[in-house]
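One structure below.
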Amino acid sequence: MKWINDVVFAILAAHVWGSLMLFVWLQAVKRLENKGYTRLLFYLLRAVIVAYLLPLGLGAVLIINEILVLDGRFMQTTPVITMICQLLFMLWILGFFANFESLQEKWDMTRHCFSDALPASRERQLRFQEICRQTKMRSGRVILCEKAGIRCGGITVGVIHPRIVLPEGKTDEFVERVTMIHELVHYTRKDIWFLTAAKVVEAIHWFNPWTRGLAAQMSQWNEYACDWKVCNKYLGNIKAYLEVLYRVSMQGQEDKTDMYSSIGTQPMKLIGRMEKMINMKNAMKKPKIFGVLAAVAVSFTSAGSALASTGILTGGYRALYELTDVEEDEAGIQVLGDINATADNTVPQDNGNINPEDYVNTGIEFIDVLPIDGYTSEKDQSDTELAASANLDWSLPSDFMRTTKDFWATSSNHIAVSGTITPTGKILRVGIIEPGGIRRCIYATGNFSYNFPLDKIGFYCVYAINDNSEVVNLTGVYATY
Numbered sequence: 001m002k003w004i005n006d007v008v009f010a011i012l013a014a015h016v017w018g019s020l021m022l023f024v025w026l027q028a029v030k031r032l033e034n035k036g037y038t039r040l041l042f043y044l045l046r047a048v049i050v051a052y053l054l055p056l057g058l059g060a061v062l063i064i065n066e067i068l069v070l071d072g073r074f075m076q077t078t079p080v081i082t083m084i085c086q087l088l089f090m091l092w093i094l095g096f097f098a099n100f101e102s103l104q105e106k107w108d109m110t111r112h113c114f115s116d117a118l119p120a121s122r123e124r125q126l127r128f129q130e131i132c133r134q135t136k137m138r139s140g141r142v143i144l145c146e147k148a149g150i151r152c153g154g155i156t157v158g159v160i161h162p163r164i165v166l167p168e169g170k171t172d173e174f175v176e177r178v179t180m181i182h183e184l185v186h187y188t189r190k191d192i193w194f195l196t197a198a199k200v201v202e203a204i205h206w207f208n209p210w211t212r213g214l215a216a217q218m219s220q221w222n223e224y225a226c227d228w229k230v231c232n233k234y235l236g237n238i239k240a241y242l243e244v245l246y247r248v249s250m251q252g253q254e255d256k257t258d259m260y261s262s263i264g265t266q267p268m269k270l271i272g273r274m275e276k277m278i279n280m281k282n283a284m285k286k287p288k289i290f291g292v293l294a295a296v297a298v299s300f301t302s303a304g305s306a307l308a309s310t311g312i313l314t315g316g317y318r319a320l321y322e323l324t325d326v327e328e329d330e331a332g333i334q335v336l337g338d339i340n341a342t343a344d345n346t347v348p349q350d351n352g353n354i355n356p357e358d359y360v361n362t363g364i365e366f367i368d369v370l371p372i373d374g375y376t377s378e379k380d381q382s383d384t385e386l387a388a389s390a391n392l393d394w395s396l397p398s399d400f401m402r403t404t405k406d407f408w409a410t411s412s413n414h415i416a417v418s419g420t421i422t423p424t425g426k427i428l429r430v431g432i433i434e435p436g437g438i439r440r441c442i443y444a445t446g447n448f449s450y451n452f453p454l455d456k457i458g459f460y461c462v463y464a465i466n467d468n469s470e471v472v473n474l475t476g477v478y479a480t481y
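In this text, residue positions in the sequence shown follow UniProt numbering: the first is 1, and each later residue adds one.
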């Protein structure tokens, strides 16, 4: 059940880093919201969404694991850690499905509301194409539609099949032009994608009260930033744009159908949008260096969120491991994962107090508990990925550990490792690392061969450790059968 630990780990990693970024954003809003830095706060909010989502994928977790090479695993598990992770996962999955069901209901409601929207008339299509040419914005896959009963201007819906929906029938030519430009900006800037991502973050991090209004915040700042871009770049007249907003707002007051954006966030208050535009106009006279620094900060935030969150949580897991790792004084054996306590005591259970030379090429297998804190560790970077078999051609410096890439195996499989070690007489620890992080090894020299029986399902890897004071070479092969 290692995958449960991975899921819990990834969610906690995203939660720590995303919440830190959200806290910074909220503090920035308090200080900069009324100073004209609306676009800066808009892009920083997008960085918050990225910070919440980027560390979540288990693929990202595995990639970072290979980069950091934390003893071949992100975390070492104990029964206590596994029990805690399973409990947290059960609580999280219940909350996730409850919140996701709410998201699905709003999505279905919006899809039902616009299911009868029809392609716009040819005259409108031609005007839309002309606006695309004038503004140099590409329409891409978006479809211009119209629907009876809409009195709130227009709306952009659909992530996979995007549509701009306008009111059916004749409208004021200038209002229609502004509406088309406004919704086209939403589409080209992928606002609907980030709005949906914010709602997904709400569902995943339902236990965090800060994230519950994230979609509403994203919807607000989408509108603030879009207003400024439409007015400043394409119209050049704030007063005329505000008049359009006012007219559309008055029409929307009479609309009782509650037409929302694609995931159900409420429409903005007109006064707030007007204030933001006026503040941004005043801020245009200020130096642009702050905006440049903000852009750099957003870039570092997006690229570094997974690594930063991983570092925070790795330290926490290591501390938890130290607290829950138990040693049996009588047997002198660490309780690691699923070690069989009923095994034959005539066979050494670990290699903590043995003379390696007494067990070279004897076929006796050990639980490898010797510390490798000061050793250099390296994972195989060959082109073969997730391979159940591959050739080994390793040169191992002194105090060095090398591992293959992880590969999948089941409890009914065996991993056969064979090869030749040179120079003659040099001894290596050669073995496998189980899904829980336990190392199993034999002591080998010269020509050797050994089959490791498996009792778990998950990702394994083959490793070799050089405890000698000089370089030792290992050539051979491993195979899963």
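Where is the CB? At the ideal position from N, CA and C, for every residue including glycine.
What do you reckon, are the CB atoms on residue i and residue j nearer than 9 Å?
i, j, result
"I427", "I433", "no"
"F448", "I415", "no"
"Y375", "Y443", "no"
"Y52", "V159", "no"
"K35", "N279", "yes"
"E176", "R247", "no"
"L54", "A203", "no"
Say yes only if the C-beta of residue i is nearer than 8 Å to one or more non-hydrogen atoms of the ligand MN, and no if none qualify.
i, result
"R439", "Judged by which ligands are present, the structure shown has none, so any question about the ligand MN falls away."
If you draw a straight line from the alpha carbon of residue i to that of residue j, how long is it in whole angstroms?
i, j, result
"F96", "D108", "18 Å"
"V174", "C231", "Going by the sequence as given, residue 174 is Phe instead of Val. So the two alpha carbons sit approximately 13 Å from each other."
"W193", "K199", "10 Å"
"N99", "E105", "10 Å"
"T475", "E378", "17 Å"
"V471", "Q349", "29 Å"
"G425", "C461", "26 Å"
"W394", "D380", "9 Å"
"K147", "I164", "10 Å"
"I49", "Q86", "27 Å"
"N468", "P356", "12 Å"
"Y463", "I11", "30 Å"
"I465", "Q27", "50 Å"
"T110", "G236", "33 Å"
"L126", "V157", "21 Å"
"G458", "F407", "8 Å"
"Y241", "R122", "26 Å"
"K30", "P435", "47 Å"
"L245", "L88", "47 Å"
"L22", "W210", "8 Å"
"S412", "S389", "16 Å"
"R39", "V178", "20 Å"
"Y224", "R212", "20 Å"
"D399", "A479", "26 Å"
"F366", "V16", "38 Å"
"P423", "N473", "7 Å"
Please name the residue, chosen from the options, that lies closest to residue i on a Cα-to-Cα basis.
i, options, result
"D455", "Y463, A464 and R440", "R440"
"I84", "V7, E168, G446 and W193", "V7"
"E168", "R212, Y187 and P119", "P119"
"V369", "N351, K147 and R189", "N351"
"W92", "H205, S411, F448 and N222", "H205"
"K229", "S139, I367 and F42", "F42"
"R429", "Y450, M137 and N413", "Y450"
"T404", "N391, S418 and H15", "N391"
"A215", "L45, N237 and T480", "L45"
"H186", "W25, S219, P209 and R212", "S219"
"G419", "V477, S389 and I367", "V477"
"L195", "T188, Q217, P423 and A409", "Q217"
"T445", "N361, H112, I238 and C113", "N361"
"F114", "E101, C145 and L94", "C145"
"K190", "F207, C226 and T171", "C226"
"D116", "G149, P79 and L94", "G149"
"G363", "I372, A387 and G431", "G431"
Name the one or two DSSP bridge partners that residue i has.
i, result
"H414", "P453"
"V472", "L396"
"T376", "F400"
"D350", "I367"
With a threshold of 7 Å on Cβ separation, who are the neighbours of residue i within its own chain once the five nearest residues in sequence on each side are excluded?
i, result
"R141", "P162"
Less than 8 Å between C-beta atoms, sequence neighbours within five positions excluded: which residues of the same chain meet that for residue i?
i, result
"I132", "Reading off the sequence, residue 132 comes out as Cys, not Ile. Closer than 8 Å at Cβ, skipping near neighbours: R138, S139 and L184."
"E130", "none"
Just to confirm my understanding: we take residue i, look at its own chain, exclude 5 residues before and 5 after, and list those with CB closer than 6 Å. What are they?
i, result
"Y234", "T135 and I181"
"G18", "A51 and Y52"
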